[in-house]
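Asker:
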């Protein structure tokens, strides 16, 4: 793997995470990944780096300054987007994790996620089309009939047709139970859809030959149980012979503060032909397949932006000469790089902790996903799935919250230059600000974690998580008690507060402060993963600068940032209901 320094990603950290910490080579002992080796892993990672540097990063700013526009009823994007996405598809990235029958080569999700970080850090706006297409294809591959798979998957996996997800509607947002788009079954087994959809990323463009919309629409009564899921193509016909425009109309283009390279649309469905996926009434269940994949993808995008923002601001701080040491008495003392100033170091270290912590969360979750798919026994696969359920809301929200804060600190490090368009950090911030909203807002992830995920299967996934953290603490107890002891006490407190929150079995009380619970749990999980990386370093590399840096980052996070969870957990334990019971007139 090419570990040269880059301002896109920290290649050395990725390399360490994959091979020294997560031991991703051990996945090749599993039948599904047996044909792979470190050589194939490194080859794909190097290709992803090269494509991101050559075809994605060069037009990141251009795409931001020249966002998609509506011209004569069609969405116009900059010319560089199409060849970049074609190269992505030609390199096999759309199918990499799939089986050979779908044109894939069963790549572990851990390697794919690390490779995809390169593209997200280089140009999150352009690569989002690929993220959506892969997610839609995975859903169709898992839940649609063989007939629908044969019709839609080949052109999607070739990169000729792109995919989208259509959930939100004007006025409903995240309240999916209130969706009104309706689907009526026809004699030929197809459906006709009518309604409006809003905030549809990739909803219309001229980059691909066709667009495969996955649309939630109502076939039954009220609530989410009345929703079904449909494939609704923009054009009807076969690849290369699209004969008829379907009843999907572009109503308008939304102009966003960030992610400008990804067109975002309002769509109208007027007697549009749709094909049912699975059974009626199970639409939201199927859609969660894509939503959960997208949630980790959103967290990974936030992570990538946090990493590249940190690398850019650190590079600036090393070269920007300004000010003198605090103990310098002589005004003729030479000025120093701003990285020598304590507060700049604070901001850089916070960014570093957020960036490395987010990378750890995303890659760890990917490794657990691999185990849930390919572990040797059904019991191991089930346990990994249960743990992944608990990790998913954290993997989405923690990077989205704290890598955004990292991007804000990057602007601060650059000072006045930071908020000008002469430097890319202001774009990183604007792009990242969308991620706490994408794929279930920050607050929704809190409700999901405390209201559902820690309770699933009798809390087995949550207990597994606590056990893994405790194992790391035990492994560090003698060598690094300064890491192990604070982490152990907060983990014990997290378990206590989880039980306290639900002891009355009252959702209104338990969930009033679910967001605080999410943030505290996220900090504890990240502290654990950073500490576990120190454990993985061991004595062998303890004298190297990289190892010293890892240890310093972990100790900085645990000493400076982890204590904020104490007040948050105390608030959850207090069962304070004021946010639930508040009279709106008081706001």
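Residue numbers (my numbering): 1 to 587. Note that CB positions come from ideal geometry on N, CA and C, so glycine has one too. What you are looking at is a predicted structure, and each value in this text was computed from that prediction instead of being measured.
Along the chain, which unbroken stretches of the alpha helix (DSSP H) at least 4 residues long are found entirely within the segment 296-320?
Answerer: If we require 4 residues or more, the segment 296-320 turns out to have no alpha helix (DSSP H) run fully inside it.
Asker: Count the other C-beta atoms from every protein chain shown that fall within 10 angstroms of the C-beta of residue 88, then say buried if there are 16 or more, exposed otherwise.
Answerer: It counts as buried.
Asker: Using DSSP with H/G/I as helix, E/B as strand and the rest coil, what is residue 22?
Answerer: Residue 22 falls in the coil class under three-state DSSP.
Asker: At which residue ranges does the segment 119-188 contain complete beta strand (DSSP E) runs of 3 or more residues, listed in the order of the chain?
Answerer: Listed in chain order, the complete beta strand (DSSP E) runs (minimum 3 residues) inside the segment 119-188 are 161-166 and 182-185.
Asker: Measure the C-alpha to C-alpha separation of residue 124 and residue 229 and round it to an integer number of angstroms.
Answerer: Distance between the alpha carbons of residue 124 and residue 229 is about 27 Å.
Asker: Can you check DSSP and say which residues form a bridge with residue 191?
Answerer: Its beta-bridge partners are 185 and 274.
Asker: Whose C-alpha, out of 81, 374 and 578, is nearest the C-alpha of residue 26?
Answerer: For residue 26, the nearest C-alpha among the options comes from 374.
Asker: Which class does residue 458 belong to by DSSP, given the choice of helix, strand or coil?
Answerer: Of the three classes helix, strand and coil, the one that applies to residue 458 here is helix, per DSSP.
Asker: Run through DSSP, which three-state label would residue 587 get?
Answerer: Looking at residue 587 - three-state DSSP - the assignment turns out to be coil, as it is neither helix nor strand.
Asker: In chain order, what are the residue ranges of uninterrupted alpha helix (DSSP H) at least 4 long that sit wholly in the segment 35-102?
Answerer: Within the segment 35-102, the complete alpha helix (DSSP H) runs of at least 4 residues are 38-51, 60-65 and 81-90.
Asker: Does DSSP put residue 540 in a helix, in a strand, or in coil?
Answerer: Because residue 540 sits at a pLDDT of 49, beneath the cut-off of 50, its placement in the model cannot be relied upon, and the point is left open.
Asker: Judging by CA-CA distance, which residue of 481, 494 and 488 is the nearest neighbour of residue 454?
Answerer: When only C-alpha atoms are compared, the closest one is 494.
Asker: Residue 200 by DSSP, collapsed to three states: which one?
Answerer: Residue 200: strand per DSSP, three-state reduction.
Asker: Report yes if the CB atom of residue 232 is closer than 8 Å to the CB atom of residue 241, and no otherwise.
Answerer: Not a contact, by the Cβ cut-off of 8 Å.
Asker: Could you tell me the alpha carbon to alpha carbon distance between residue 192 and residue 78, rounded to whole angstroms?
Answerer: Approximately 34 Å between the Cα atoms of the pair.
Asker: Where residue 76 and residue 236 are concerned, what is the direct C-alpha to C-alpha distance, given to the nearest angstrom?
Answerer: Taking the straight line from one Cα to the other gives about 22 Å.
Asker: What distance in whole Å lies between the Cβ atoms of residue 207 and residue 296, which are believed to be in contact at a cut-off of 8 Å?
Answerer: That pair is no contact at about 25 Å.
Asker: Fully enclosed by the segment 506-542, which alpha helix (DSSP H) runs are 4 residues long or longer?
Answerer: For the segment 506-542, whole alpha helix (DSSP H) runs of length 4 or above, ordered along the chain, are 507-510 and 514-537.
Asker: Out of 85, 216, 336 and 54, which has the shortest C-alpha to C-alpha gap to residue 286?
Answerer: Nearest of 85, 216, 336 and 54 to residue 286, Cα basis: 216.
Asker: Looking at residue 530: is its Cβ nearer than 8 Å to the Cβ of residue 360?
Answerer: Yes, they are a contact pair.
Asker: Can you tell me the Cα-Cα spacing of residue 540 and residue 68, whole angstroms?
Answerer: At residue 540, the pLDDT of 49 sits below 50, so the modelled position is not reliable; the number obtained from the coordinates is stated separately. Roughly 51 Å between the two C-alpha positions.
Asker: Name the DSSP bridge partner or partners of residue 405?
Answerer: Answer is none; residue 405 lacks a bridge partner.
Asker: Who are the Cβ neighbours of residue 594 in its own chain at under 8 Å, not counting the five residues just before and after it?
Answerer: Because the chain in this structure spans residues 1 to 587, residue 594 falls outside the shown range and cannot be described.
Asker: Label residue 156 either buried or exposed according to how many other C-beta atoms from any shown protein chain fall within 10 Å of its C-beta, with 16 as the threshold for buried.
Answerer: Looking at its Cβ environment, which holds 16 or more other Cβ atoms inside 10 Å, residue 156 is buried.
Asker: Along the chain, where does the alpha helix (DSSP H) that runs through residue 546 open and close?
Answerer: Start and end: 545-556.
Asker: Can you check which of these residues, 461, 300 and 220, is closest to residue 379 by C-alpha distance?
Answerer: Nearest of 461, 300 and 220 to residue 379, Cα basis: 461.
Asker: Determine which residues share a DSSP beta bridge with residue 217 and list them.
Answerer: Its beta-bridge partners are 228.
Asker: Cutting at 8 Å between CB atoms, please list the residues of its own chain near residue 577, excluding the five before and the five after it.
Answerer: Closer than 8 Å at Cβ, skipping near neighbours: 508, 509 and 512.
Asker: Could you please give the first and the last residue of the uninterrupted beta strand (DSSP E) stretch that includes residue 241?
Answerer: Residues 241-245.
Asker: Quick one: what's residue 390 bridged to in DSSP?
Answerer: Note: residue 390 sits in no beta bridge, so no partner.
Asker: Hey, how far is the Cα of residue 519 from the Cα of residue 452?
Answerer: Each residue's alpha carbon lies about 16 Å from the other.
Asker: Per DSSP, residue 248 forms a beta bridge with which residues?
Answerer: In DSSP, residue 248 forms a bridge with 269.
Asker: Name the DSSP bridge partner or partners of residue 235?
Answerer: Beta-bridge pairing links residue 235 to 245.
Asker: Just curious, the alpha helix (DSSP H) that residue 347 is in, first and last residue?
Answerer: Where residue 347 is concerned, the enclosing alpha helix (DSSP H) stretches over 342-374.
Asker: In the DSSP assignment, find the alpha helix (DSSP H) that holds residue 446 and state where it starts and stops.
Answerer: First-last of the alpha helix (DSSP H) with residue 446: 442-448.
Asker: In chain order, what residues of the same chain have a beta carbon less than 7 Å from the beta carbon of residue 424, not counting five sequence neighbours either side?
Answerer: If we look at residue 424 and ignore the five residues flanking it on each side, its Cβ neighbours are 61 and 312.
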